[in-house]
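J.:
Residue numbers (our numbering): 86 to 513.
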């Protein structure tokens, strides 16, 4: 059966590439119209299709949070198709997302919405993130149907919006959809293709610290002359930054995680990413306050709630250690947080995925530990569904600041073969 399916996939190569190009061309139509096209394709495959629309804030989360500024406050559209098995096999959930980042193509040199092919690459907005995953998902199932294969276990095909904290996977899991395992079908941002899989993701916290200052009690023009009579919030912010660096060093010594420590030498990290104070056209007056932004990653064994409390305790300690800050405490603003997860490398779905990739590509993948906040986390957090991610060679993803996003077409076809193999092996 494997040889028959591979032959069908090879024969359908141009059809699969045409579909990927269509996904790129359909993307500017908008999320609802795009998702309806996915739903139509799932119905063509014989799936029972469910479309769900709701606000992200109505999604019940577990070990995760985000404030309004980090959320797109509009109804989001999620689609799931159920391809029923004959019974007696393990079920499998295929997870993709239809939405890319907001379209910004001013710096692109390639055509963003035509499915332009140059050499062996297709270029286009969201072609890698995650139209390629959608094509892999639907066409792997289509090839299996064409070959006459019928799975014993149910196969769930999910196109769940994800960007700007849409939480589509969680939204559909809220409706009771469950499977014995899941595949997060998504090209990696690492540009390693199927040389890697995702079996873990670090947790992530985003927060700001607001530092209050005091203008000098004089009304004369140019405060530089008497600034020492006030409190410069930038000076206090520099003190906070130094103390947060010490906090980071203490955490790094205490918290170790072999996959990360072995790869990059550190299991947890804190990065000061943002400083705002004063006005660029006022270089003579004391600013009233200063805002610092931070990102903190932490390994899967560490609990997000405990980490939040640890950060809050450290910020309080810093306030208490300085006379001015003790009277004018630092204020912490939490923006977003996600829990890290991991799945053992010897878990059957990981082994099955790695075996399938090795069978198709000739090379066994490794588990890349560098991802944080990956959607590979959600099925495990919400429903305890083991989940592994993989995808074809792709690059210049817009979500990481790239331009002229692309997918390698040979690897895209190979990834369809991999997906079909996993379904056959897992579902029986």
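No residue lacks a Cβ here, since even glycine has one placed at the ideal position from N, Cα and C.
1) Consult DSSP for residue 346 and reduce its assignment to one of helix, strand or coil.
2) In whole angstroms, give me the CA-to-CA distance for residue 93 and residue 506.
3) Using the three-state DSSP reduction, which class does residue 511 fall into: helix, strand or coil?
4) Along the chain, where does the beta strand (DSSP E) that runs through residue 382 open and close?
5) Hey, which unbroken runs of the beta strand (DSSP E) at 3 residues or more fall wholly within the segment 113-154?
6) Assuming residue 514 is part of the beta strand (DSSP E), what are its boundary residues?
7) Buried or exposed: which applies to residue 367, given that a residue is buried once 16 or more other Cβ atoms fall within 10 Å of its Cβ?
8) Let's see if you can read the secondary structure: which residues bound the beta strand (DSSP E) around residue 491?
9) Applying the criterion that 16 or more other CB atoms from any shown protein chain within 10 Å of the CB defines a buried residue, is residue 306 buried or exposed?
10) Beta carbon of residue 298, beta carbon of residue 316: below 7 Å?
11) Which whole-angstrom value describes the C-beta separation of residue 271 and residue 476, a residue pair presumed to lie in contact below a C-beta threshold of 8 Å?
12) Terminal residues of the continuous alpha helix (DSSP H) containing residue 107?
13) Is residue 116 buried or exposed, if buried means 16 or more other CB atoms sit within 10 Å of its CB?
14) Taking the C-alpha atoms as reference points, what is the distance between residue 339 and residue 301?
15) Among 233, 400, 362, which has the Cα closest to the Cα of residue 331?
16) For residue 107, tell me which candidate among 122, 95, 96 has the shortest Cα-Cα distance.
17) Quick one: is residue 149 buried, meaning 16 or more other Cβ sit within 10 Å of its Cβ, or exposed?
18) The alpha helix (DSSP H) with residue 404 in it runs from where to where?
19) So which of 371, 394, 498 has the shortest CA-CA distance to residue 313?
20) Between the alpha carbons of residue 467 and residue 304, how many angstroms are there, rounded?
21) Identify, in the order they occur along the chain, each residue of the same chain with its Cβ nearer than 6 Å to the Cβ of residue 176, setting aside the five sequence neighbours on each side.
22) List the whole-angstrom C-beta distance separating residue 289 from residue 223, where the pair is believed to meet the contact cut-off of C-beta under 8 Å.
23) If you compare alpha carbons, which of 114, 498, 513 is closest to residue 187?
24) Using a Cβ-Cβ cutoff of less than 8 Å, which residues in the same chain neighbour residue 451 once the five nearest sequence positions on both sides are dropped?
T.: In this structure, then:
1) DSSP places residue 346 within a helical segment (H, G or I) once states are collapsed to three.
2) Going by C-alpha positions, residue 93 is about 13 Å away from residue 506.
3) In this structure, residue 511 counts as helix in the three-state DSSP scheme.
4) It spans 374-383 - the beta strand (DSSP E) in which residue 382 sits, taken as one unbroken run.
5) List check, beta strand (DSSP E) in window: 133-139, 149-151.
6) In this structure the chain extends from 86 to 513, so residue 514 is not present and cannot be described.
7) Classification for residue 367: exposed.
8) Going by DSSP, residue 491 is part of the beta strand (DSSP E) stretching over 491-493.
9) The residue in question, residue 306, is exposed, as its Cβ has fewer than 16 Cβ neighbours within 10 Å.
10) In this structure, residue 316 lies closer than 7 Å to residue 298 by Cβ.
11) Confirmed, Cβ separation roughly 5 Å.
12) From DSSP, the alpha helix (DSSP H) with residue 107 extends over 98-111.
13) When all chains shown are included, residue 116 counts as buried.
14) Approximately 42 Å between the Cα atoms of the pair.
15) Of 233, 400, 362, the residue nearest in Cα terms is 400.
16) For the options 122, 95, 96, the alpha carbon positioned closest to that of residue 107 is the one of 122.
17) It counts as buried.
18) Counting along the chain, residue 404 sits inside the alpha helix (DSSP H) bounded by residues 389-405.
19) Restricting attention to 371, 394, 498, the CA atom closest to the CA of residue 313 is found in 371.
20) The straight-line gap separating the alpha-carbon atoms of residue 467 and residue 304 is approximately 58 Å.
21) The answer, listed in chain order, is 238, 239, 264, 265.
22) Their Cβ separation, rounded to whole angstroms, is 31 Å, which puts residue 289 and residue 223 out of contact at 8 Å.
23) Answer by Cα proximity: 114.
24) So the list reads 280, 281, 282, once near-sequence residues are dropped.
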